[in-house]
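There are 2 protein chains.
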Amino acid sequence: MTLKELAKELNLSFSTVSKALRDSHEISIETKNRVLAKAKALNYQVNPLASSLRKQKSKTIAVVIPEVVNDFFGPVINGIESIAQEKEYHVLIYLTHEDMQKEVAITKLLQNGRVDGIMMSLSEQTSGTAHLEALQEKGIPLVFFDRIAEQMDAPKVTTDDYNCGIKATEHLLENGCKRIAFLTIAPNLSISNKRMNGYLDALKKHNIMQDEGLILYCTGDDHKNNELIRSLFSSPKRPDGVFASVEKLAISTYAVCEELNLQIPEDLKVICFSNMQTAAFLNPSLSTITQPAYEIGREAAAILFDLVEKKGQRGRIEKRVLNSTLVERNSTKGR
Amino acid sequence: MTLKELAKELNLSFSTVSKALRDSHEISIETKNRVLAKAKALNYQVNPLASSLRKQKSKTIAVVIPEVVNDFFGPVINGIESIAQEKEYHVLIYLTHEDMQKEVAITKLLQNGRVDGIMMSLSEQTSGTAHLEALQEKGIPLVFFDRIAEQMDAPKVTTDDYNCGIKATEHLLENGCKRIAFLTIAPNLSISNKRMNGYLDALKKHNIMQDEGLILYCTGDDHKNNELIRSLFSSPKRPDGVFASVEKLAISTYAVCEELNLQIPEDLKVICFSNMQTAAFLNPSLSTITQPAYEIGREAAAILFDLVEKKGQRGRIEKRVLNSTLVERNSTKGR
Chain D
86 MTLKELAKEL NLSFSTVSKA LRDSHEISIE TKNRVLAKAK ALNYQVNPLA SSLRKQKSKT
146 IAVVIPEVVN DFFGPVINGI ESIAQEKEYH VLIYLTHEDM QKEVAITKLL QNGRVDGIMM
206 SLSEQTSGTA HLEALQEKGI PLVFFDRIAE QMDAPKVTTD DYNCGIKATE HLLENGCKRI
266 AFLTIAPNLS ISNKRMNGYL DALKKHNIMQ DEGLILYCTG DDHKNNELIR SLFSSPKRPD
326 GVFASVEKLA ISTYAVCEEL NLQIPEDLKV ICFSNMQTAA FLNPSLSTIT QPAYEIGREA
386 AAILFDLVEK KGQRGRIEKR VLNSTLVERN STKGR
Chain L
86 MTLKELAKEL NLSFSTVSKA LRDSHEISIE TKNRVLAKAK ALNYQVNPLA SSLRKQKSKT
146 IAVVIPEVVN DFFGPVINGI ESIAQEKEYH VLIYLTHEDM QKEVAITKLL QNGRVDGIMM
206 SLSEQTSGTA HLEALQEKGI PLVFFDRIAE QMDAPKVTTD DYNCGIKATE HLLENGCKRI
266 AFLTIAPNLS ISNKRMNGYL DALKKHNIMQ DEGLILYCTG DDHKNNELIR SLFSSPKRPD
326 GVFASVEKLA ISTYAVCEEL NLQIPEDLKV ICFSNMQTAA FLNPSLSTIT QPAYEIGREA
386 AAILFDLVEK KGQRGRIEKR VLNSTLVERN STKGR
């Protein structure tokens with residue numbers, strides 16, 4: 086529904102309808118009410134800022150992510166910016182702080198058309214997708230990366246989470262671990278699922294009985310996570326290997342091991358998904374699954390700009406998988 | 086200059102001038118040219134998006150910073166967001182990637198009024214302030230934090246860089262260091278200056294001769310920085326202590342020490358300005374000057390919103406200094 090069509094429906098001039106919607110003093114209250122009623126009936130969105138932006142393109146894209154205190158999203162943003170700068174677009178960064186309500190509020194706000202496209206990595210709480218579908222209904226191009234909404238018809242850029250789940254688990258097995266714990270957050274998210282399925286399938290493949298007690302579901306609260314880990318590590322059935330699906334849980338693991346005087350890798354081997362710059366200088370140096378964060382940002386941005394500039398077919402749903410790398414360091418060293 | 090004043094100058098109705106500036110078909114070419122000529126003469130900025138934003142406030146503030154792959158700016162942004170969310174403002178993050186030309190381009194763009202206020206930490210290359218003054222001339226509230234423009238009349242939020250420079254240097258001296266190297270970036274920036282002056286004054290106070298060869302001016306290029314550090318550490322007059330003014334130079338120091346098989350703290354003690362989450366788990370754990378990053382963000386945002394909402398006196402220039410903390414760990418341990 087354009088303003089022109091609305092004017093035609095009302096049998097008024099474009100200028101009169103436009104003024105009425107802007108609440109101009111030149112237009113009578115009667116006419117204003119008539120215009121507003123019709124606009125509402127026809128679901129025309131009355132928002133002068135949005136319409137102004139729509140006309141001239143905002144030349145802005147939004148990146149909606151859970152947090153920035155993180156070694157993954159930093160380089161992703163740099164990757165996105167490297168493409169956006171070529172295209173002379175601005176990048177607007179929104180943080181959900183892992184809170185689904187904030188994510189919903191941000192998507193509502195973005196529905197008004199202040200940006201030409203959106204790139205998104207879901208909060209750890211996100212369960213439904215109604216707020217994301219609403220964006221698509223408004224015709225705003227949307228690309229997911231890393232923490233994707235698996236079930237949605239939208240382009241997605243991820244790493245090979247399932248394979249890496251297998252690789253990390255097998256790496257611990259090869260180095261002599263028999264009881265491997267899996268530390269995860271956000272079981273709702275498809276990446277958590279895939280990493281865990283990789284872990285479970287690797288155990289199966291090697292005929293190792295799965296022990297539910299070795300899977301820890303952690304949260305955004307570092308203090309509580311440390312408690313969970315401490316309790317697991319203090320139990321008689323302590324694990325001899327830890328696979329952390331996110332970086333911060335490896336840091337918690339190091340902290341708890343120091344507290345309990347457990348030696349890594351002698352008492353317990355550790356590997357985790359991480360883009361930590363200091364992984365090589367930790368005590369001991371940390372084995373990681375390192376994601377191509379910068380490239381993920383570039384790839385997702387390239388797909389988004391194809392959609393924004395309508396170069397690609399609009400209906401084409403791309404799914405790109407960029408491989409991560411297992412970097413072996415001292416924290417998983419075998420005897 | 087408002088549109089209303091422009092209309093009065095032209096002796097035309099507000100509506101006609103507004104339409105002329107929007108290039109409406111309802112207005113004759115003669116009138117349009119007259120309006121545009123007058124607008125130009127009176128320095129009225131013809132920008133429909135900007136004027137629309139000015140009218141309804143964009144409810145957006147910009148944060149212009151050098152980079153996000155950094156343990157300092159992450160928590161600063163979280164601090165800023167915590168205030169912005171209370172005020173229901175959006176935070177737009179721009180990265181200069183330590184490039185003055187990009188910083189200038191961003192400030193040009195922000196002159197059009199797409200944001201209600203700006204918070205800024207300068208790039209390491211920034212030398213002049215013309216681009217920053219241009220923002221102030223447009224009446225856009227501007228607050229500096231951390232890497233401030235010392236000479237400008239604008240609110241500034243920093244930490245006690247000079248005192249921390251003294252404290253870090255004295256801490257190394259107390260632990261037995263006799264030849265302390267100072268690693269810095271961006272000598273243009275006032276924070277670099279203050280940290281270095283703290284270092285120099287501490288040496289003077291303890292009657293230690295300053296050795297120019299122990300001051301390394303590093304850059305944004307990690308590879309080159311490592312070379313500079315390697316060359317210093319391989320020289321016969323090797324330092325026995327390192328004070329790194331930024332986090333990444335401490336990481337480089339650890340990398341070079343590993344290469345050259347130098348033991349920290351036995352051969353060389355290390356302290357640096359850092360908000361690294363893993364400082365306690367490095368090998369050896371790293372002594373740091375930790376900045377109150379989150380609080381710096383909150384404080385700077387609070388001052389900015391005072392200006393945006395014109396609650397404070399507009400001319401009042403605030404300078405806030407939040408103290409950092411020296412955290413002693415193994416990298417500076419004395420014999």
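These protein sequence lines are chains D and L, in that order. At position 269 of the first sequence (counting the first as 1) the number is 354 in the numbering used here, and the numbers step up by one without a gap. At position 58 of the second sequence (counting the first as 1) the number is 143 in the numbering used here, and the numbers step up by one without a gap. Glycine residues also receive a C-beta, built at the ideal position from the N, C-alpha and C atoms.
In the structure shown, the three-state DSSP call for S275 (chain L) is helix. As computed with DSSP, H175 (chain L) is found in a beta bridge with L:T145. The C-beta of S100 (chain L) comes closer than 8 Å to at least one C-beta of chain D.
Chain D has no Cβ within less than 8 Å of the Cβ of V341 (chain L). Assigned with DSSP and collapsed to three states, M204 (chain D) falls in strand. Among the residues facing chain L, T363 (chain D) is included, as its CB has a counterpart in that chain under 8 Å away. At least one CB atom of chain D sits nearer than 8 Å to the CB of G159 (chain L). For the segment 302-328 of chain D, no residue has a beta-carbon sitting nearer than 9 Å to a beta-carbon of chain L.
Counted as a single uninterrupted DSSP element, the stretch harbouring V412 (chain L) is not any alpha helix (DSSP H) but the beta strand (DSSP E) occupying residues T410 to V412. For G198 (chain L), the number of other beta carbons within 10 angstroms of its own is at least 16, and it is reported as buried. Counting along the chain, T254 (chain D) sits inside the alpha helix (DSSP H) bounded by residues D246 to E259. N282 (chain D) does not reach chain L, its nearest Cβ partner there being about 29 Å away, counting only Cβ pairs nearer than 8 Å. Contact annotation for F366 (chain D) against chain L: I336, Y339, A340, E343, L367 and N368 [CB-CB distance below 8 Å, chain order]. Note that the segment 355-367 of chain L touches the segment 334-342 of chain L; at least 3 beta-carbon pairs, one per stretch, sit closer than 8 Å. Residue burial annotation: D296 (chain L) is exposed, with fewer than 16 other C-beta atoms found within 10 angstroms of its C-beta. Note that the C-beta distance between A266 (chain D) and V327 (chain D) is below 8 Å.
D201 (chain L) places its beta carbon 8 Å or farther from that of K241 (chain L). Between the C-alpha atoms of F230 (chain D) and V153 (chain D) there is a straight-line separation of about 15 Å. Among the CB atoms of chain D, one or more fall inside 8 Å of the CB of V153 (chain L). Within the same chain, Cβ atoms closer than 7 Å to the Cβ of A340 (chain D) are found at N311, the five residues on either side in sequence being excluded. Contact note: I162 (chain L) reaches chain D through V153, using a C-beta cutoff of 7 Å and chain order. Cβ neighbours of G164 (chain D) within its own chain (closer than 6 Å, five residues either side excluded): Y379, G382 and R383.
Distance from the Cα of N96 (chain D) is smallest, within the candidate group D:V120, D:M86, D:L106 and D:K187, for D:V120. Interface annotation, E166 (chain L): in contact with chain D, CB-CB separation under 8 Å. Nearest C-alpha to N415 (chain D) among D:E188, D:Q348, D:M205 and D:V148: D:Q348. Contacts with chain L at 8 Å (Cβ-Cβ) do not include E94 (chain D). Annotation for A365 (chain D): no beta strand (DSSP E) segment contains it, and DSSP assigns it neither H nor E.
Closest by C-alpha distance to I233 (chain L), out of L:L392, L:L220, L:P226 and L:T214, is L:T214.
In the three-state reduction of the DSSP assignment, K241 (chain L) falls in the strand class. One finds I178 in chain D with Cβ atoms closer than 7 Å to the Cβ of I178 (chain L), taken in chain order. Sixteen is the threshold: when 16 or more other Cβ atoms of the shown chains lie within 10 Å of the Cβ of P350 (chain L), as they do, the residue is buried. Look at the segment 104-132 of chain D: the residues with a C-beta under 7 Å from a C-beta of chain L are E111. In this model, P377 (chain D) and M86 (chain L) are separated by some 50 Å (Cα to Cα). According to the DSSP assignment, L392 (chain L) belongs to the alpha helix (DSSP H) that extends over A378 to V393.
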